[in-house]
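What follows is one structure encoded as structure tokens, with my remarks underneath.
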Amino acid sequence: MPKHGNILRLMSFIVTVAIFFIFPPTQIYAGENVNWKTFNEKNGLFTIKYPSNWFPSKIDESTELINMFFAYQGHGSSFATLNLVGEENLSLLM
Numbered sequence: 206m207p208k209h210g211n212i213l214r215l216m217s218f219i220v221t222v223a224i225f226f227i228f229p230p231t232q233i234y235a236g237e238n239v240n241w242k243t244f245n246e247k248n249g250l251f252t253i254k255y256p257s258n259w260f261p262s263k264i265d266e267s268t269e270l271i272n273m274f275f276a277y278q279g280h281g282s283s284f285a286t287l288n289l290v291g292e293e294n295l296s297l298l299m
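Read in order, the letters of the sequence shown are residues 206 to 299 in our numbering.
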């Protein structure tokens, strides 16, 4: 009888280890603790605060008054972008 108890304990241990390797614990990425930067548009049209791990860029060949994007490259294939586009309002010119 004691042999069956040892075999059952060993089998339980093996099954537990196998399940652990088949379904590894999922890593949960908490939000990074980042500082904020302030972007001031050179003509004074707008100001925006953005996380320090994002990168601002301007689209030079654009005809819009404002055409900026902020990009973030995360872990693996994760990414995010924020586009700001603004055109001149004709009603403000009159």
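Don't be surprised by glycine CBs; every beta carbon is placed ideally from N, CA and C.
Query raised in the report: How would you label residue 216, buried or exposed, when you count the other beta carbons within 10 angstroms and need 16 or more for buried?
Result: exposed
Query raised in the report: Between residue 249 and residue 282, what straight-line distance do the alpha-carbon atoms span, to the nearest angstrom?
Result: 35 Å
Query raised in the report: So what's residue 299 in DSSP terms, helix, strand or just coil?
Result: Only weak support is given to the placement of residue 299: the predicted model assigns it a pLDDT of 48, under 50, and the value that follows is read from those uncertain coordinates. Here residue 299 sits in coil by DSSP.
Query raised in the report: When the Cα atoms are used, what is the spatial distance from residue 247 to residue 224?
Result: 58 Å
Query - Nearest residue (CA-CA) to residue 278, options 251, 244, 259 - result: 259
**Report entry** Simplified DSSP state of residue 206, which is helix, strand or coil
**Finding:** In this prediction, residue 206 has a pLDDT of 47, which is less than 50 and means its spatial position is unreliable; what the coordinates show is noted afterwards. In the structure shown, residue 206 sits in coil (DSSP, three-state: anything other than H, G, I, E or B).
Report task. In the DSSP assignment, find the beta strand (DSSP E) that holds residue 262 and state where it starts and stops. Result -> 260-263
Query - Per DSSP, the bridge partner or partners of residue 150 - result: Residue 150 is absent from the model: the chain starts at 206 and stops at 299.
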